[in-house]
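Taken in order, these protein sequences are the chains called A and B. Residues 0 to 162 in numbering that gives the first Met the number 0 are what the first sequence spells out, letter by letter. Residues 0 to 130 in numbering that gives the first Met the number 0 are what the second sequence spells out, letter by letter. Every residue, glycine too, gets a C-beta built ideally from N, C-alpha and C. Here is the structure we will look at.
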Amino acid sequence: MLRRLFPHPYLTVVLTAVWVMLMNEVSLGYIVFGFLLGTIVPLLTAAYWPDRPTIRRPVRFGLYILLVLWDIVMANITVARIILFLPRSQLRPAWITVPTVLRTPEAITMLAGTITMTPGTVTSDIATDGRSLLVHCLHAPDPDAVRDGIKNRYERRLKEIFE
Amino acid sequence: MELAAEILIAALMVISGVFGLIGSFGLLKLPDLMTRLHAPTKATTLGVGGVLIASMIHFAIFADHISFHELLITLFLLLTAPITAHFIAKSHIHREVRADELPPPAGGAAWGCFERTGDGRRIEVPGERQG
């Protein structure tokens, strides 16, 4: 019963919080209305998102977000330096394949998004069997090192969080 | 206290302005579409982020209320930037890149862009370069 009313409990919480933040004022009325939205929207969209994502380690998930935010700042500085100081002739863009051991769609989406937001890499495509990501590197003199970096830094953590 | 906050806000806005400028300069300098895609997904994130942090500090100190809108802008930006980049990259692959220019995926599958339909026919995309 509870499961049918709240097919995505995380989404309910997030939608309520987003509504209150959007109103920019914490009051009971906004919380109740946000909760109504947070109940209706998951019910309407449950047909398109049948499985519930499981976050096994919420604390590590929070730490992961902090790590990614830090990496985004570093990525900005790295990319800014490449744009400003690296002559175009020395730029080594490359396509690389990142095989992934992640299986849940939510974890793969998180990995793909993380890759795009962090140093000089953009996720461009996924293999038909969902086991590899196509990543474009802005400047990769050593493509294997980039691939191993992604696997060690992000994929290992996402595996612990989601699977 | 107010002077320190003003200095901090000013510094953050200068930093974000510089990064926004570098991101836009990257669009001009980098040689092709895929490398240009890196400039707006990265350098401008910090550009926008700096303005948002400056705005939060400003409202917390000079307007005496905490504003959540900046957090929401950050959230939506982080959610949508990778998706936009992914869409642009995919349409670029469809139009300009042949399958043999890309490294193969692990384990004998094909990349999603070069997927064939059940009867072995390539999915046609308008304006696509035939590979």
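Taking A88 of chain B as reference, the option from A:L62, A:L132 and A:W69 with the minimal CA-CA separation is A:L132. In the three-state scheme derived from DSSP, where H, G and I count as helix and E and B as strand, A126 of chain A is classed as strand. Following the DSSP letters along the chain, one finds T115 of chain A inside the alpha helix (DSSP H) bounded by residues P104 to M116. At a C-beta separation below 7 Å, S66 of chain B has these neighbours in chain A: N23. Rounded to the nearest angstrom, the Cβ distance from I82 of chain A to F24 of chain B is 6 Å, consistent with a contact under 8 Å. Taking the Cα positions, D50 of chain A is about 19 Å away from R130 of chain A. Using a Cβ-Cβ cut-off of 8 Å, P104 of chain A does not count as an interface residue toward chain B, since no Cβ of chain B sits closer than that to its own.
According to the DSSP assignment, V96 of chain B belongs to no alpha helix (DSSP H), since it is labelled neither H nor E. Proximity to C136 of chain A across A:V100, A:L65, A:T115 and A:A106 peaks at A:T115, based on C-alpha coordinates. Apart from the 5 residues on each side of it in sequence, P104 of chain B sits with its Cβ closer than 7 Å to the Cβ of W110 in its chain, given in chain order.
For the region 35-67 of chain B, the set of residues with a beta-carbon nearer than 7 Å to any beta-carbon of chain A comprises L36, H37, A38, T40, K41, A42, T44, L45, S66 and F67, in chain order.
Scanning A:P92, A:L10 and A:Y47 for the CA closest to the CA of T53 of chain A turns up A:L10. DSSP places L29 of chain B in the coil class of the three-state scheme, outside both helix and strand. Only exposed fits P140 of chain A, as fewer than 16 other CB atoms lie within 10 angstroms of its CB. Taking C-beta separations shorter than 6 Å and ignoring five residues to either side along the sequence, the partners of D70 of chain A in its chain run T117, following chain order. Annotation for T113 of chain A: V67 and Y153 place their beta carbon closer than 6 Å to its own, counting only its chain and skipping 5 residues before and after.
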